Ligand code: SF4
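In my numbering, the protein residues as written are 5 to 360.
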């Protein structure tokens, strides 16, 4: 099996799902690193990795979805719910700028009282106040919920966001994108086909989006592989408009699902399999948010980019720890790989316009 996979990688031919599963279960770490680095070299220098400093601003913890793996949400009416005012959001952004941050990702719960116009108003204000920053304004999952609450189609909602100045609606809230996983853990959130329909509408409106995955719940290897299969197919079918794939790990504290945290070694092996399998996505991103400085070992397993996060209540509530000692994190880069702070990426429409 390994010889055939190596032949495919050398010939730039995609590997299949059984081969992805075999790699994860049987390949040595050295073989995974070698194959992932070969695929990485098609898109990125192998001796350089890039990073951004960013904050995830969790504007509300009110949520009606009740995902059992979530440590962050509070059902409407609970005593410790919150919904940040615009000024409070700006205080969080100010804290990021003091740390040299470049990007703000917004992420909140499915708040039943919010509508598309509420988001548009918030985003318009922060863009005006912080023109030097880039914004990931919401995740696909939040987009789906607020679009339905606003009684709009995905196409119409995405068009309104685009016209209001939104650039990115990123691929968060995907976890494991199979309906078997969704039925077990978050039946109130969405079905997998619906997620992809929403993401396609976002891309078709000219907005940028990204791919994500979270591992380490109780998902089967088949479910993990299916996530990659559907993602690669979606990227191929929609014209390879997503620049990146980010994988992070479930933290099992303070929620209904609980369980054990998977090892960093398992995470790194899956990162390599993802790099080898997703041969139509240019950037594979490692998660400092959930692996701390050990995430930089992922640069040997096919990853080429990462964030230095300054805050994210969702993962911190679940047990993640965040360090602002950026130099210490960067010092963990493997020998032979230099780290470079980059500018936020343009969305695909901006790249097209620049090429004209
Ligand atoms: S994961 Fe997101 S959608 Fe699910 S309960 Fe938590 S905040 Fe709500």
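Glycine residues also receive a C-beta, built at the ideal position from the N, C-alpha and C atoms. From a predicted model like this one, the values you see are computed outputs, not experimental measurements.
Residue 213 sits in coil when the DSSP states are folded into three classes, being neither helix nor strand. Across the structure, residue 34 and residue 28 are spaced so that their CA atoms are roughly 12 Å apart.
For residue 69, the closest alpha carbon among the candidates 283, 192, 111, 200 is that of 192. Not one heavy atom of ligand 1 falls within 7 Å of the beta-carbon of residue 251. With 5 Å as the limit, the residues whose C-beta approaches any heavy atom of ligand 1 more closely are 67, 69, 71, 74, 77, 113, in sequence along the chain.
Cβ contact annotation for residue 21 (same chain, cutoff 7 Å, sequence separation greater than five): 229, 233, in chain order.
Our two residues, residue 179 and residue 112, have alpha carbons roughly 15 Å apart in a direct line.
For residue 245, the number of other beta carbons within 10 angstroms of its own is at least 16, and it is reported as buried.
Shown here for residue 31: same chain residues with a beta carbon closer than 7 Å to its own, the five before and five after excluded, namely 6 in chain order. By the CB criterion at 8 Å, residue 196 and residue 348 fall outside the cutoff. Here the stretch 280–289 makes no contact with the stretch 96–110; the two share fewer than three CB pairs at distances below 8 Å. Excluding the 5 residues flanking it on each side, residue 248 has same chain C-beta neighbours closer than 6 Å at 214, 287, 289, in chain order.
For residue 53, the enclosing beta strand (DSSP E) starts and ends at 52–61.
The secondary-structure analysis by DSSP pairs residue 78 across a beta bridge with 66.
The criterion of a C-beta distance shorter than 8 Å is satisfied by residue 159 and residue 208.
Uninterrupted beta strand (DSSP E) stretches at least 3 residues long and entirely within the stretch 276–341 occur at 287–290, 309–313, given in chain order. For residue 180, the three-state secondary structure derived from DSSP is coil. One thing to note: residue 281 has its Cβ no nearer than 8 Å to the Cβ of residue 211. In this structure, residue 148 lies away from residue 200, with their beta-carbon atoms at least 8 Å apart. The beta carbon of residue 51 sits closer than 8 Å to those of 340, 341, 342, all from its chain and outside the five residues before and after it, given in chain order. DSSP places residue 125 inside the alpha helix (DSSP H), whose first and last residues are 120–133. Our two residues, residue 296 and residue 129, have alpha carbons roughly 32 Å apart in a direct line.
Residue environment for residue 318: buried (at least 16 other C-beta atoms within 10 angstroms of its C-beta). Between the alpha carbons of residue 236 and residue 83 lies a gap of roughly 42 Å.
For residue 100, the enclosing alpha helix (DSSP H) has its first and last residue at 90–102.
Comparing alpha carbon positions, the residue from 171, 123, 105, 185 closest to residue 355 is 171.
Per DSSP, reduced to three states, the secondary structure at residue 148 is helical. Shown here, residue 5 sits in coil according to DSSP, grouped into three states, outside any helix or strand. With a beta-carbon spacing of about 4 Å, residue 305 and residue 276 fall inside the 8 Å limit used to define contacts. Residues of the same chain with a CB within less than 6 Å of the CB of residue 145, apart from the 5 flanking positions on each side, are 177 in chain order. According to the DSSP secondary-structure assignment, residue 109 is paired through a beta bridge with 60, 140. Per DSSP, the unbroken alpha helix (DSSP H) holding residue 161 starts and ends at 158–168.
If only uninterrupted alpha helix (DSSP H) runs of at least 4 residues are considered, those enclosed by the stretch 197–252 are 225–241.
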